[in-house]
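Below is one structure, written out as structure tokens; comments come after it.
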Amino acid sequence: MLKSQERESDLHIQSDHPKTILIVDDEKSIRDVLIAFFVEQGYDVITASDGREGIAKFQSHPTDLVITDIVMPRVEGIETIRKIRKQSNTVKIIAMTGYVDSYLKDALLLGADDSINKPFNTEDLMAVVDRVTAG
Ligand SMILES: [Mg+2]
0 MLKSQERESD
10 LHIQSDHPKT
20 ILIVDDEKSI
30 RDVLIAFFVE
40 QGYDVITASD
50 GREGIAKFQS
60 HPTDLVITDI
70 VMPRVEGIET
80 IRKIRKQSNT
90 VKIIAMTGYV
100 DSYLKDALLL
110 GADDSINKPF
120 NTEDLMAVVD
130 RVTAG
């Protein structure tokens, strides 16, 4: 109830973009690029360097959108998506990987809303963010 009220008031104040993004990737360079980009776009950004940290941060910070890598140490992205989706039906999840497409298919089956292949530019990623937040 509270969640939907918050969401509704957000819609009145801002655009329909999510306010808080959780970025999960084991590569620091990717986290840094995405932090810089989304902060400039006006988002609050939280990061995690693997799935275990990502799941923990999701539990402790209200998050509108999760963008997660697939291949990571400790807990990888498929498991991360499955666990986050179990906890929330409403959070938007985007999977990203430079590995084979079948990982992204698994990600979509287990609860990701959309996916993007690495390497990508921020314009491509923004198009995916727009797509999941519109749907
Ligand atoms: Mg990785």
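For the sequence shown, numbering that gives the first Met the number 0 gives the first residue as 0, with consecutive numbering after it. Cβ atoms here follow ideal geometry from the backbone N, Cα and C, with glycine treated the same way. The structure displayed is predicted, hence computed values, not measured ones.
Touching by the beta-carbon criterion (3+ pairs, under 8 Å), the segment 51-63 and the segment 92-101: no
Ligand 1 heavy atom lying under 7 Å from the CB of residue 125: Ligand 1 never approaches residue 125 closely enough for any of its heavy atoms to be under 7 Å from the residue's Cβ.
Is it the case that the CB of residue 68 approaches a heavy atom of ligand 1 more closely than 7 Å? yes
Using CA coordinates, which residue listed in 19, 118, 26, 54 is at the minimum distance from residue 37? 19
Extent of the continuous beta strand (DSSP E) run through residue 111: Here residue 111 belongs to no beta strand (DSSP E), and DSSP marks it neither H nor E.
Option nearest residue 52 by Cα separation, candidates 87, 102, 101, 71: 71
Distance, Cα to Cα, residue 33 vs residue 121? Each residue's CA atom was taken as its position, placing residue 33 and residue 121 some 8 Å apart.
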